[in-house]
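**Q** Residue numbers (the working numbering), protein chains in the order written: chain A, 1 to 162; chain B, 1001 to 1126.
All residues carry an ideal CB built from backbone N, CA and C; glycine is no exception.
Just so we're clear, the structure is a prediction, and the values are computed from it rather than from any experiment.
One structure coming up, written as structure tokens, with questions to follow.
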């Protein structure tokens, strides 16, 4: 039985984090599911949100934009530009969570077929980190990744104690 | 808006260091001075002060006005903001993938049905 758990992996010393998830479908289909709006609209996002609009121009330099609508009617957009497309194994794109326009990240989606299942890996590199002059000077080289990795456990404890 | 971003970046950057995480864990138990914070670490007071500055800039701690001691204490608001962000990220993708499982299953079932129909039609024409 394959693992259906979403793994969020962070390597110390890097400004990135990766996720890994296995699905029971061939790679071609998974690639389409990740890149075509007719599919994306059917699964992307939690059930509480509806995808109000979806645009993808799947070519290098092309843009994509997803808008999610919250139950109380607020729209939240995610958008970016495709940087690299290797069908059906790899997509590199920039990613901006529109409410926080400065936080552009670079996302790599990699699909690996393995005996009828597909291993989905994403790597998210937060590029804006390095340029935050003055905000965090020393220690930044350690990367914020470890921060992500340890944050949950640390916070769970800290917030409970308050 | 951009401040939220730099806030979060600063928060995650500050949390990347093990000493700073240990300092936060200590402050979760209550206020402490630089001296008290430096005690468990094999570090000079200036080195600890440097870490405190990073934590303070990241909004994770605040320092008292008492010029002599300047006791540090935890600022839970920023921590919560960071936790919310990470929790949201995980929740978003966990739920998306669970929906994707169902959807991929649906697509593949459809495909199979179509294949069976095709074969049947093919037989009929023969």
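1. Could you check which residue in A/62, A/40, A/76, A/54 has the C-alpha nearest to that of residue 250 of chain A?
2. So what's residue 83 of chain A in DSSP terms, helix, strand or just coil?
3. Closer than 9 Å by beta-carbon distance: list the chain B residues that pair up with residue 116 of chain A, in chain order.
4. Quick one: list the residues of chain B neighbouring residue 24 of chain A, beta-carbon separation under 9 Å, in chain order.
5. Looking at C-alpha atoms only, which residue of B/1076, B/1103, B/1114 is the closest neighbour of residue 32 of chain A?
6. What residues of chain A sit near residue 1095 of chain B, judged by a beta carbon separation below 8 Å?
7. With which residues is residue 1031 of chain B paired in a DSSP beta bridge?
8. Taking just the CA atoms, how far does residue 22 of chain A sit from residue 80 of chain A?
9. Residues of chain B with CB under 8 Å from residue 105 of chain A, in chain order?
10. Is residue 60 of chain A helix, strand or coil by DSSP?
11. Taking residue 19 of chain A as the query, report the chain B residues whose CB atoms sit under 7 Å from its CB, ordered along the chain.
12. Identify whether residue 117 of chain A lies in helix, strand or coil by the three-state DSSP scheme.
13. Which one or two residues does DSSP pair with residue 1062 of chain B in a beta bridge?
14. Is the segment 1092–1100 of chain B in contact with the segment 33–47 of chain A, if contact means three or more CB pairs nearer than 8 Å?
15. Return the chain-ordered ranges of every beta strand (DSSP E) run that is complete within the segment 14–73 of chain A and spans a minimum of 3 residues.
16. Taking 8 Å as the cut-off, decide whether the C-beta atoms of residue 118 of chain A and residue 110 of chain A are in contact.
**A** According to the structure data:
1. As shown, chain A starts at 1 and ends at 162. That puts residue 250 of chain A outside it, with no answer to give.
2. Reduced to three states, the DSSP call for residue 83 of chain A is strand.
3. Simply none; closest approach about 10 Å.
4. In chain order: 1101, 1104, 1105, 1108.
5. Ranking B/1076, B/1103, B/1114 by Cα distance to residue 32 of chain A puts B/1103 first.
6. Within chain A, 45, 46, 47 have C-beta atoms less than 8 Å from the C-beta of residue 1095 of chain B, given in sequence order.
7. Under DSSP, residue 1031 of chain B takes part in no beta bridge, so it has no partner.
8. Rounded to whole angstroms, residue 80 of chain A to residue 22 of chain A spans 25 Å at the Cα level.
9. The premise fails here: residue 105 of chain A is roughly 11 Å from chain B at the closest Cβ pair, so nothing lies under 8 Å.
10. Coil.
11. Among the residues of chain B, those whose CB is under 7 Å from the CB of residue 19 of chain A are 1093, following chain order.
12. Assigned with DSSP and collapsed to three states, residue 117 of chain A falls in strand.
13. For residue 1062 of chain B, which the question treats as bridged, DSSP gives the partners B/1073.
14. Taking a cut-off of 8 Å on C-beta distances, the segment 1092–1100 of chain B touches the segment 33–47 of chain A, as three or more cross pairs fall below it.
15. As far as the segment 14–73 of chain A is concerned, its whole beta strand (DSSP E) runs of at least 3 residues are 16–23, 50–56, 63–69.
16. In this structure, the beta-carbon distance from residue 118 of chain A to residue 110 of chain A does not fall below 8 Å.
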